[in-house]
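A.B. asks:
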Amino acid sequence: MKKRILFIINPISGTGRQDAIPEDIERHIDTARYDYAIRTTEYAGHATLLAKEAIRKGYDTVVAVGGDGTINEVARAVVHTHTALGIIPCGSGNGLARHLQIPQNVRRAIEIINKDTIHCLDYGRINGHPFFCTCGMGFDAFVSMKFAEGKKRGLLQYVRDTVSFGLKYKPETYTIVNENGTERHKAFLITCANASQYGNNAYIAPEASMKDGLMDIIIIKPFKTIEAAQVAVQMFNKTLLSNSHVEMFKAKKVHITRPEAGVVHCDGEPILMGKEIDVVLIQKGFNVVVNPEAHSKKSLLQEIADNVVETLRPYLAQLKEPEVAEKDEYDLNRFVNAQEGVYETARDELMQGTKRSHWMWYIFPQLRGLGHSAVSNYYGISGRQEAAAYLGHPLLGRRLREVSRILLNTENKSAVAIFGDTDACKLRSSMTLFEAVAGDDPLFGHILEKFYAGERCPLTLQRLSEESSSPASPSSSVSL
Numbered sequence: 037m038k039k040r041i042l043f044i045i046n047p048i049s050g051t052g053r054q055d056a057i058p059e060d061i062e063r064h065i066d067t068a069r070y071d072y073a074i075r076t077t078e079y080a081g082h083a084t085l086l087a088k089e090a091i092r093k094g095y096d097t098v099v100a101v102g103g104d105g106t107i108n109e110v111a112r113a114v115v116h117t118h119t120a121l122g123i124i125p126c127g128s129g130n131g132l133a134r135h136l137q138i139p140q141n142v143r144r145a146i147e148i149i150n151k152d153t154i155h156c157l158d159y160g161r162i163n164g165h166p167f168f169c170t171c172g173m174g175f176d177a178f179v180s181m182k183f184a185e186g187k188k189r190g191l192l193q194y195v196r197d198t199v200s201f202g203l204k205y206k207p208e209t210y211t212i213v214n215e216n217g218t219e220r221h222k223a224f225l226i227t228c229a230n231a232s233q234y235g236n237n238a239y240i241a242p243e244a245s246m247k248d249g250l251m252d253i254i255i256i257k258p259f260k261t262i263e264a265a266q267v268a269v270q271m272f273n274k275t276l277l278s279n280s281h282v283e284m285f286k287a288k289k290v291h292i293t294r295p296e297a298g299v300v301h302c303d304g305e306p307i308l309m310g311k312e313i314d315v316v317l318i319q320k321g322f323n324v325v326v327n328p329e330a331h332s333k334k335s336l337l338q339e340i341a342d343n344v345v346e347t348l349r350p351y352l353a354q355l356k357e358p359e360v361a362e363k364d365e366y367d368l369n370r371f372v373n374a375q376e377g378v379y380e381t382a383r384d385e386l387m388q389g390t391k392r393s394h395w396m397w398y399i400f401p402q403l404r405g406l407g408h409s410a411v412s413n414y415y416g417i418s419g420r421q422e423a424a425a426y427l428g429h430p431l432l433g434r435r436l437r438e439v440s441r442i443l444l445n446t447e448n449k450s451a452v453a454i455f456g457d458t459d460a461c462k463l464r465s466s467m468t469l470f471e472a473v474a475g476d477d478p479l480f481g482h483i484l485e486k487f488y489a490g491e492r493c494p495l496t497l498q499r500l501s502e503e504s505s506s507p508a509s510p511s512s513s514v515s516l
């Protein structure tokens with residue numbers, strides 16, 4: 037007997053480009069195993085109502101097609117039922133999907149649904165409101181409120197809000213009561229994490245598990261403005277817990293008292309609550325279609341050992357073993373780590389002709405200094421020699437050529453249509469850089485001809501020219 041699946045599509049989540057998804061479902065869902073229906077949400081909260089209706093009708097799985105807000109709406113309906121939550125991530129952050137290693141590509145996400153591997157996972161409640169990734173108070177809740185009030189969405193706007201409001205935000209003092217006693221903390225933010233990240237691979241709780249019956253409580257204490265970039269980079273590197281301003285403990289429930297009523301966030305959505313906050317973890321509370329190939333996470337110490345880096349660049353203060361530094365002069369391992377679990381998504385998005393998620397800096401690197409964020413500086417290429425080393429790297433060079441060839445074979449689309457205005461400029465910078473060190477390989481020049489009528493990035497050319505004129509920085513090239 038076939039199982040029944042309802043797909044609930046939020047047409048305005050993320051980039052809002054969900055028109056082709058019904059066709060993707062029809063093409064790729066296993067109709068020998070499933071009967072399916074598709075519904076589209078029309079207003080906030082509609083996904084919860086549609087999911088409850090599906091549960092009453094006996095559907096086996098309800099698939100949320102959207103971002104974290106849509107997933108939360110569907111998930112809160114399926115808790116403590118036999119119906120499983122499926123996910124096709126189409127949002128800007130996709131925190132739960134990324135934690136569960138659900139592909140960010142629609143076709144591959146449907147393939148996960150076809151495999152029908154279901155686990156019973158934990159979820160949490162903050163003053164009765166269910167959350168599945170994270171909830172919290174302090175700065176992140178404040179930013180989520182400002183973000184929700186704004187007219188623009190997307191990661192770039194969220195980063196802008198974070199930087200803008202971060203300079204003005206005043207930490208508060210919280211009283212935290214858990215099974216082990218009572219503590220008072222002056223904190224920049226407090227996050228209760230069931231899953232490991234906010235979204236966009238920003239790991240607020242890198243050790244968090246949805247199967248251990250515990251929340252990871254993350255307390256970030258006040259820090260100097262100059263240290264903000266380091267905190268941000270460590271969040272993306274999964275090394276946040278090594279920061280001296282960060283404390284973490286695990287608990288089944290906590291009671292938090294704060295000076296004033298205000299906003300909290302629940303899976304990124306702002307909610308006004310009072311001074312008294314109760315957060316509780318419900319063990320094995322809902323069924324989820326998971327990726328059966330998702331590997332178990334390593335311990336934090338092993339994760340740090342695998343991702344160890346040495347650099348004197350601003351915003352970072354990490355250690356690396358001398359023998360590793362000798363083998364990896366430019367710390368190219370930072371790109372290898374960043375691409376882990378993301379490269380396949382980037383490649384698939386390019387094959388579909390639309391970039392949806394946030395990977396530009398470490399898939400198509402540029403010269404350092406062309407961007408102004410901590411992330412852009414961290415993944416910036418120092419000059420010709422590092423670019424040549426990148427292109428000569430057995431994995432990174434192959435991947436750069438592969439995604440470049442995919443772009444070269446894309447028909448009837450401009451760089452702006454594929455990447456958007458900002459990332460189209462980054463692509464031109466990247467291609468200009470690697471063309472300069474590629475020797476006789478014409479691939480990157482062909483992309484510049486195809487998408488930019490042969491115009492190279494003038495700022496990249498200027499930086500390369502300045503480097504070449506310096507006797508301390510001889511140029512390098514690679515011909516492979």
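Following our numbering, the numbering of the sequence shown begins with 37 at its first residue and continues without gaps. Ideal Cβ placement from N, Cα and C applies to all residues, glycine included.
1. Once DSSP output is grouped into helix, strand and coil, what is the label at Val213?
2. Counting pairs of Cβ atoms below 8 Å between the segment 425-433 and the segment 266-276, do you hit three or more?
3. Taking DSSP's pairing of strands, which residues face Pro47 in a bridge?
4. For Gly190, which residues from the same chain have a beta carbon less than 6 Å from its beta carbon, with the 5 sequence-adjacent residues on both sides left out?
5. Return the Cβ separation of Ile256 and Val290 in integer angstroms, given the expectation that the two are a contact with Cβ distance under 8 Å.
6. Assess, as a yes-or-no matter, whether the segment 145-154 is touched by the segment 226-238 under the definition of 3 or more beta carbon pairs within less than 8 Å.
7. Is the segment 151-165 close to the segment 321-328, with three or more CB pairs under 8 Å?
8. Report all residues from its chain with a CB closer than 6 Å to the CB of Leu277; omit the five preceding and five following residues, and keep chain order.
9. In angstroms, rounded to a whole number, what distance separates the CA positions of Lys39 and Asp71?
10. Using a Cβ-Cβ cut-off of 8 Å (strictly less than) and excluding sequence neighbours within five positions of Lys187, which residues of its own chain qualify?
11. Just to confirm before moving on: does the CB-CB distance between Gly407 and Gly416 stay below 9 Å?
12. Can you give me the C-alpha to C-alpha distance between Leu463 and Tyr205, rounded to a whole angstrom?
13. Taking all protein chains shown into account, do 16 or more other C-beta atoms lie within 10 angstroms of the C-beta of Asn445, making it buried, or fewer, making it exposed?
14. Considering only the alpha carbon of each residue, which of Ile124, Glu215, Ala111 lies closest to Asp60?
15. Alpha carbon to alpha carbon, how far is Leu308 from Tyr159?
16. If we count Cβ pairs, one from each stretch, closer than 8 Å, do we get three or more for the segment 448-464 versus the segment 481-496?
17. Using the Cβ count rule (16 or more neighbours within 10 Å means buried), how would you classify Gly235?
18. In whole angstroms, what is the alpha-carbon distance linking Ile399 and Arg92?
19. According to DSSP, is Asn519 part of a helix, a strand, or is it coil?
20. Give me, in chain order, the residues of the same chain whose beta-carbon lies closer than 6 Å to that of Pro295; leave out the 5 immediate sequence neighbours on both sides.
21. Might you give, ordered along the chain, the residues of its own chain that have their beta carbon closer than 6 Å to the beta carbon of Asn46, omitting 5 neighbours on each side?
22. Consult DSSP for Met251 and reduce its assignment to one of helix, strand or coil.
23. If you draw a straight line from the alpha carbon of Ile292 to that of Ala87, how long is it in whole angstroms?
24. Which whole runs of the beta strand (DSSP E) in the segment 131-160 are 3 residues long or more, in chain order?
25. Give every residue of the same chain whose Cβ lies closer than 8 Å to the Cβ of Val411, excluding the five residues on either side of it in the sequence, and list them in chain order.
C.D. replies: Answer, in terms of the structure:
1. strand
2. no
3. DSSP output for Pro47 lists no bridge partner at all.
4. No answer about Gly190 holds up, because its pLDDT of 47 lies below 50 and its placement is not dependable.
5. The Cβ separation is near 16 Å, so there is no contact.
6. no
7. As far as the Cβ criterion goes, the segment 151-165 touches the segment 321-328, which means the pair count is three or higher.
8. Met284
9. 6 Å
10. Its pLDDT being 48, under 50, Lys187 is placed unreliably by the model, and nothing is read from it.
11. Contact annotation: Gly407 and Gly416 have beta-carbon atoms nearer than 9 Å.
12. 35 Å
13. Its Cβ having fewer than 16 others within 10 Å, Asn445 is exposed.
14. Of Ile124, Glu215, Ala111, the residue nearest in Cα terms is Ile124.
15. 21 Å
16. yes
17. buried
18. 45 Å
19. Past the boundaries of the shown model lies residue 519; the chain is included only from 37 to 516, so the question cannot be answered.
20. Glu208
21. Taken in chain order, the residues that qualify are Thr77, Gly102, Thr106.
22. strand
23. 32 Å
24. With a minimum length of 3 residues, there is no unbroken run of beta strand (DSSP E) contained wholly in the segment 131-160.
25. Around Val411: Ala268, Val269, Phe272, Trp397.
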